[in-house]
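Numbering (the UniProt record's numbering), first residue to last: 1 to 186.
Ideal Cβ placement from N, Cα and C applies to all residues, glycine included.
Next up, the structure:
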């Protein structure tokens, strides 16, 4: 039996889900991308208890098919941008469609109807968050970031960054350095 849980793709969340399943005596085959494959049928009482236990940790058991699809799309995008060593070499639409086993048009329409933004806009927002992280870590330069995140050029990345944040990447980085300097003065 497959159940769906809304959670971020992180080892801590996976650990919490596994612990809560074990507390209820439920055996699972897989905990991944917001889904849990339970090896036996889950009773209504177990489902309700699992729902309550997960809620304490800010995790949500999902029953609505559209919400489940949205969470799967979000998880694939977050994993792809924030946790993968390398971005996919195929179009994002093909990657997401292949990963989830649904037609991309169906996924895109469902996502837009429920979230009010397109999948592409969601991807851009997460790419910009990733750019911010990489700028703050200061381990790679803007050219390398542009290459890592498959931007066509540094200029394209900079324009998109400014459109989303209102700042240029270099100004954003200077703000970080200024804050760091202020903290050291304390």
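- Just so you know, the alpha carbons of residue 74 and residue 135 end up roughly 23 Å apart.
- Runs of beta strand (DSSP E) with 3 or more residues, each lying fully within the region 41-66, are found at 60-62, listed in chain order.
- For secondary structure counted as the alpha helix (DSSP H) over 4 or more consecutive residues, the UniProt domain "HTH araC/xylS-type" (71-175) holds these complete runs in sequence order: 92-100, 104-115, 119-137, 142-148 and 154-165.
- The alpha-carbon of residue 112 is positioned some 17 Å away from that of residue 100.
- The beta carbon of residue 123 sits closer than 8 Å to the beta carbons of 77, 81 and 92 from its chain, once the five residues preceding and following it are set aside; these are given in chain order.
- When C-alpha distances from residue 166 are compared across 139, 132, 119 and 179, the shortest belongs to 132.
- Excluding its 5 nearest sequence neighbours in each direction, residue 89 has no C-beta neighbour in its own chain below 7 Å.
- In this structure residue 164 is not in contact with residue 119, their Cβ atoms being roughly 16 Å apart against a cut-off of 8 Å.
- Distance between residue 45 and residue 97, taken at the CA atoms: about 35 Å.
- Residue 155 sits exposed, since fewer than 16 C-beta atoms from the chains shown fall within 10 Å of its C-beta.
- Within the DSSP bridge table, the entry for residue 38 names 28 as partners.
- Closest by C-alpha distance to residue 65, out of 22, 114, 172 and 79, is 114.
- Leaving aside the five residues that flank residue 162 on each side, the residues in its chain whose CB is nearer than 6 Å to its CB run, in chain order, 168.
- Apart from the 5 residues on each side of it in sequence, residue 149 sits with its Cβ closer than 6 Å to the Cβ of 127 in its chain, given in chain order.
- The C-beta distance from residue 39 to residue 29 rounds to 6 Å, short enough to meet the 8 Å contact threshold.
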